[in-house]
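Peer 1: Numbered according to numbering that gives the first Met the number 0, the sequence shown spans residues 0 to 70.
Don't be surprised by glycine CBs; every beta carbon is placed ideally from N, CA and C.
I'd like to ask you about the structure that follows.
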Amino acid sequence: MNEYGTIQETMTLLKLVHKGLHMNTLEQFYIQQHQYNNTLIPKQNGGEQNPLFEIAYDTQQKEQSTELEDE
């Protein structure tokens, strides 16, 4: 048993999904966002960086800092 439960509990298939070899764009966005914020588990690799996602992160951070300054 590990910290998350038994192998039977943690490895139960919740839902079979037939996806292609590549994750969809939204999944890639969220993974890269965690990588950008250094919140990935160290053993995880986010893969290649998408420059369009970088623009989205920078825009989000600028909006958040502007909101804090306005308060």
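(1) Buried or exposed: where does glutamine 63 fall if 16 or more other Cβ atoms within 10 Å of its Cβ makes it buried?
(2) Just the Cα atoms here: how many angstroms apart are histidine 33 and glutamine 48?
(3) For the alpha helix (DSSP H) holding histidine 33, just list the boundary residues, first then last.
(4) Could you check if glutamine 60 is buried or exposed, using at least 16 other CB atoms within 10 Å of its CB as the buried criterion?
(5) Specify the secondary structure class of threonine 54 as computed by DSSP and reduced to three states.
Peer 2: Per the coordinate set shown:
(1) Translated into positions along the sequence shown, residue 63 becomes position 64. That one is exposed.
(2) Position 34 of the sequence shown, counting from 1, holds the residue named residue 33. Position 49 of the sequence shown, counting from 1, holds the residue named residue 48. One C-alpha to the other measures close to 12 angstroms.
(3) For the purposes of this step, residue 33 is taken as residue 34 along the sequence shown, with counting starting at 1. Start and end: 24-35.
(4) Taking the first residue of the sequence shown as position 1, residue 60 is located at position 61. So glutamine 60 ends up on the exposed side.
(5) Residue 54 sits at position 55 when you count from the first residue of the sequence shown. It is worth fixing the name first, because residue 54 is isoleucine in this sequence and not threonine. Looking at isoleucine 54 - three-state DSSP - the assignment turns out to be helix.
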